[in-house]
Amino acid sequence: MKLLLLTTFTFLMAACANKKTSIEGRDLEQVYQGAGVERYFLPDLPTWANFSPSSECKRESPIKYVNFKTMKASYSMDYQDLVHLQHMLNKRFESFRSESDQPLYLKDEAFIFYNVYEQVAGGSKDFVIPKFDRISLVWLDPYLEDLEQVDKILKGKELAKGHPIVVSGCLNTLALEKLSDGRDWDRFGVKHIGAEMFTPFKSDLELGTDYSLDFSKFLPNKALYLFAPRKPQHFKGMIKLITN
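Basically my numbering = 1-based index in the sequence shown + 1.
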């Protein structure tokens with residue numbers, strides 16, 4: 002019996018030592034304390050699955066998708082605010098990754114989540130909806146290999162009738178802003194809708210079959226015109242297509 006107890010004790014000590022080594026140098030509170038915000042996100046996509054079927058491209062940056070149904074149940078947020086929330090969260094996460102060599106622990110994620118929620122609930126949003134009644138949506142993705150086509154569209158008289166918004170299911174907002182700055186699209190007063198503003202949830206908060214955005218719900222009471230070779234499936238809402 003003594004031999005059995007000694008053997009069991011030795012085994013447990015070794016297991017504890019291995020566990021301690023595996024998390025050596027980490028703060029357990031930082032690693033595991035997420036304040037329960039994990040339930041407000043869908044599972045992370047593996048790198049190989051970070052793909053937009055409708056835009057036919059592989060995304061370079063990961064996207065954290067908000068679970069619209071659980072957020073609605075807990076905070077009574079509507080579709081428009083949920084899109085703003087997902088957009089702002091991903092911008093903050095992307096900024097954190099670019100500015101820090103440390104991983105984004107659950108504690109950091111929870112802090113960012115509640116901070117962004119308070120901003121959205123208080124009416125402070127990164128994407129400010131234009132006051133113009135007419136919106137000119139420019140779908141960037143078909144022209145990623147020929148950006149001069151976008152230059153021509155932005156210079157067009159028809160587009161100038163509405164406020165221009167460059168939209169991409171491939172690039173996130175930070176990448177769009179960098180691209181616009183490099184090509185001097187800012188002189189047209191463009192705004193940006195990046196890949197992190199598309200969601201697997203439809204405007205009724207039911208899961209759909211693609212990552213989409215209902216532009217009529219996100220940009221309510223606007224006349225929406227899309228400048229693109231075709232209207233893609235992930236552009237939902239009442240949108241008039243202009244193919245030039």
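We treat Cβ as the ideally placed atom computed from N, Cα and C, and that holds for glycine.
Just so we're clear, the structure is a prediction, and the values are computed from it rather than from any experiment.
Spatial neighbours of Y144 within its chain, please: C-beta separation below 7 Å, excluding the five flanking residues on both sides.
Q150 and V151
Would a C-beta distance cut-off of 8 Å place M198 and Q81 closer than the cut-off?
no
Residues that DSSP places opposite I194 in a beta bridge:
V168
Give the straight-line distance between the Cα atoms of Q234 and Y226, rounded to the nearest whole angstrom.
15 Å
May I have the straight-line CA-CA distance separating R231 from D79, to the nearest angstrom?
29 Å
Among V84, I113, R60 and P63, which one has its Cα closest to the Cα of L206?
V84
Within the continuous alpha helix (DSSP H) that includes D182, where are the two ends?
T174 to G183
Which residues in the same chain as I64 place their Cβ atom closer than 8 Å to its Cβ, once the five residues preceding and following it in sequence are excluded?
L46, N51, N91, N173, A196 and E197
Using DSSP bridges, identify the partner residues of W140.
V168
Which first and last residues belong to the alpha helix (DSSP H) in which K108 is found?
L107 to A122
Secondary structure at S62, three-state DSSP: helix, strand or coil?
coil
Which of the three DSSP states, helix, strand or coil, is assigned to T210?
strand
Would you mind stating whether Y66 and F114 have Cβ atoms separated by less than 8 Å?
no
When you compare the CB positions of L214 and F228, do they come within less than 8 Å of one another, or not?
no
Decide if M89 is buried, meaning its Cβ has at least 16 other Cβ atoms within 10 Å, or exposed.
buried
Going by DSSP, name the residue or residues bridged to A224.
R135
For K70, which beta-bridge partners are listed by DSSP?
According to DSSP, which records beta bridges pairwise, K70 is partnered with nothing at all.
Could you pull the start and end residues of the beta strand (DSSP E) that I240 belongs to?
I240 to I243
Measuring alpha carbon to alpha carbon, tell me which of A224, G37 and P221 ends up nearest A111.
G37
Closest to E159 by C-alpha separation, out of N222, L242, R60 and S62, would be which residue?
L242
By how many angstroms is the C-alpha of V129 removed from the C-alpha of L180?
19 Å
By how many angstroms is the C-alpha of S75 removed from the C-alpha of M239?
30 Å
Put K153 into one of helix, strand or coil per three-state DSSP.
helix
Give me, in chain order, the residues of the same chain whose beta-carbon lies closer than 8 Å to that of E30; leave out the 5 immediate sequence neighbours on both sides.
In this predicted model, E30 has a pLDDT of only 47, less than 50, meaning its place in the structure is not dependable; the value taken from the coordinates is given anyway. Here the set comprises K108.
When the Cα atoms are used, what is the spatial distance from I166 to F216?
11 Å
Measure from the alpha carbon of E146 to the alpha carbon of each residue in T200, C58, Q103 and S99, then state which is nearest.
C58
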